[in-house]
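If you count the sequence shown from 1, position 91 lands on 93 in my numbering, and the numbers rise without skipping. By construction, the Cβ of each residue, glycine as well, lies at the ideal position given by its N, Cα and C atoms. Bear in mind the structure is a predicted one, so any value in this text is a computation, not a measurement. Here's the structure we're looking at; comments come further down.
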Amino acid sequence: MAGDFFESAKGFSAEPGINFGTLGGAAGDLLGGLGRFAAAKGYKKAAKFARQNARLAHIATEIENRQQERQIYQVVGAGQAAIGVAGFSLSGSAIDLMKSSAQQGSLDQALISNQGLIEENTYLAQAAEYEAARKGGILGGIGGLVKAGLGIASL
């Protein structure tokens, strides 16, 4: 019974020429458009933070590489000192050991650099996704406002 009442009230207008159903739809479109603009603003902030995180990841990787470089020098220097204290010359196995230490350190640095680039690129990809969502929100907001305007104009 109540359903019949609401069915018969569809398109009801208290004033001649005003359709409250169309007006309500236009209001909903208007609010939806404004909501999409607000979401776009949030995506813009998220993209900004993702780009900042990418810069921080880059800086952290540089610091980690410097620390690794320092450690390489310490290991090689300690090896040279130990060889010298033992009275051996820097030849043969001693040189091979120091080369091996330096090579391992270089490999560690390359790994640190690659991991840092992966992290940095992940943040940049997030920033791009947020930017795309922001643009979509702006376009959706414009579409909602246009649709609302057309709905109101059809009254």
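Any beta carbon of chain B sitting closer than 8 Å to that of residue i?
| i | result |
| --- | --- |
| residue 149 | You won't find chain B in this structure, because it holds only one protein chain. |
State the Cα-Cα distance for the pair residue i and residue j, rounded to the nearest angstrom.
| i | j | result |
| --- | --- | --- |
| residue 149 | residue 141 | 12 Å |
| residue 129 | residue 53 | 6 Å |
| residue 31 | residue 63 | 47 Å |
| residue 94 | residue 121 | 41 Å |
| residue 58 | residue 123 | 12 Å |
| residue 78 | residue 100 | 6 Å |
| residue 134 | residue 107 | 41 Å |
| residue 144 | residue 111 | 49 Å |
Whose CA, out of the options, lies closest to the CA of residue i?
| i | options | result |
| --- | --- | --- |
| residue 103 | 124, 44, 70 and 39 | 70 |
| residue 60 | 100, 117, 139 and 152 | 117 |
| residue 139 | 31, 28, 27 and 36 | 36 |
| residue 98 | 89, 82, 143 and 109 | 82 |
Would DSSP call residue i helix, strand or coil?
| i | result |
| --- | --- |
| residue 115 | helix |
| residue 90 | coil |
With a cut-off of 8 Å on the beta carbons, I'd call residue i and residue j a contact; round off their distance for me.
| i | j | result |
| --- | --- | --- |
| residue 125 | residue 48 | Going by Cβ atoms, the distance from residue 125 to residue 48 rounds to 11 Å, so no, they are not a contact pair. |
| residue 115 | residue 67 | 6 Å |
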